[in-house]
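**Student:**
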Amino acid sequence: MFAGEGTATAENKQVVLERFIEGPPKETDMAMKTGKIELKSPKGSGAILVKNLSLSCDPYMRDFKPGDFISGLTGWEEYSLIRNTWQLRKIQPDHYIPLSYHLGLLGMPGFTAYAGFYEICSPKNGEYVFLSAASGAVGQLVGQLAKLHGCYVVGSAGSSQKETDLDAALKRYFPQGIDIYFDNVSGAILDAALLNMWIHGRIARIRMRGFLQSDYLHKFPQFLEHVTENFKQGKIVYIEDMNEGLETAPAAFVGLFAGINIGKQVICVAKG
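In the numbering used here, the protein residues as written are 5 to 276.
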């Protein structure tokens, strides 16, 4: 998003929910609308006007000024008037890092990976780590953080090649047992991992040990420093699936449920 002011009126394309969704979501459940928006915050409202550059398909600083780049929660639209500015985070532009990475690598998915791995799993050098959904927005960073920490890492990801016996497959890769399992999917993979955990093994999963990334916001500056530095040094790579144009948002959203995307799904609305 790009914070700004103005006195003119602009067209504002929006993706809206057309109807209640029944069954798997379809593109026809959403519609593209075009409205008008005044390019000026209502006087005394305490709100700020932003132009959206990238949207997350799937969190805070005050005293913003025109020209600031910020990250936060908005509608799927070209401009958003945000009244609850406490949930916005100011971004310091860096030509080494694409702005959209603040929705993935340096956003909620990346911080979930960092807090889950370091704060919940408490890894030790040389431990054996298994993670599911290893190609996803969270999983791809967990795997790399584990490797940087000196761990042995195996990840699973969806493809046309399937293991018919998950328990046997894990025994091949972890004959000594799993020290850490970072669970992103639950189900049959979790069941198989439970059968292969080593003594004092840890599983990072909501409800096994409840954690949300927001529980560790005090660690966010440390996370940004750690991940940004390793990314700039080429020790961390990140994959995002970028769709161009707000009109592609419905198809991108539906694609999440079909496993079409690889990495973090992002919608590019405008260039910064």
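Backbone N, C-alpha and C fix where the C-beta goes; we use that ideal spot for every residue, glycine too.
In whole angstroms, give me the CA-to-CA distance for Val20 and Val133.
**Tutor:** 41 Å
**Student:** CA-CA distance, Asn88 and Thr78?
**Tutor:** 10 Å
**Student:** Which first and last residues belong to the beta strand (DSSP E) in which Phe134 is found?
**Tutor:** Tyr132 to Leu135
**Student:** Does the beta-carbon of Lys55 have 16 or more other beta-carbons within 10 angstroms, so that it is buried, or is it exposed?
**Tutor:** buried
**Student:** Can you tell which of Pro29, Glu15, Tyr105 and Ser163 has the C-alpha that lies nearest to the C-alpha of Asp245?
**Tutor:** Tyr105
**Student:** May I ask you to report which of helix, strand or coil DSSP gives Arg93?
**Tutor:** strand
**Student:** Go to Asp169, then tell me how far its beta strand (DSSP E) extends in each direction, as first and last residue.
**Tutor:** First-last for Asp169: undefined, no H or E at that position.
**Student:** Would you say the segment 142-154 touches the segment 163-178, given that touching needs at least three Cβ pairs under 8 Å?
**Tutor:** Output reads no: the segment 163-178 does not touch the segment 142-154.
**Student:** Are the CB atoms of Phe235 and Phe115 within a distance shorter than 8 Å?
**Tutor:** no
**Student:** Using the beta-carbon count (16 or more within 10 Å), is Asp119 buried or exposed?
**Tutor:** Per the sequence shown, the amino acid found at residue 119 is Ala instead of Asp. So Ala119 ends up on the buried side.
**Student:** When you compare the segment 176-187 with the segment 196-207, are there three or more beta-carbon pairs, one atom per stretch, that lie closer than 8 Å?
**Tutor:** yes
**Student:** Quick check on Leu109: buried or exposed, where buried means 16 or more other Cβ atoms within 10 Å of its Cβ?
**Tutor:** buried
**Student:** Comparing alpha-carbon positions, which option in Phe257, Ala262, Val189 and Pro46 lies nearest Ala137?
**Tutor:** Val189
**Student:** Spell out the partners DSSP gives Ser84 in its beta bridges.
**Tutor:** Val54
**Student:** Can you give me the Cβ contacts of Glu251 inside the same chain, cut-off strictly under 7 Å, excluding the 5 residues immediately before and after it?
**Tutor:** Met36
**Student:** Short of 8 Å in beta carbon distance, which residues of its chain neighbour Gly249, apart from the five on each side in sequence? Order them along the chain.
**Tutor:** Ile271, Cys272 and Val273
**Student:** Leu43 and Ala12 look like a contact to me (Cβ under 8 Å); what is the Cβ gap, rounded to whole Å?
**Tutor:** 5 Å
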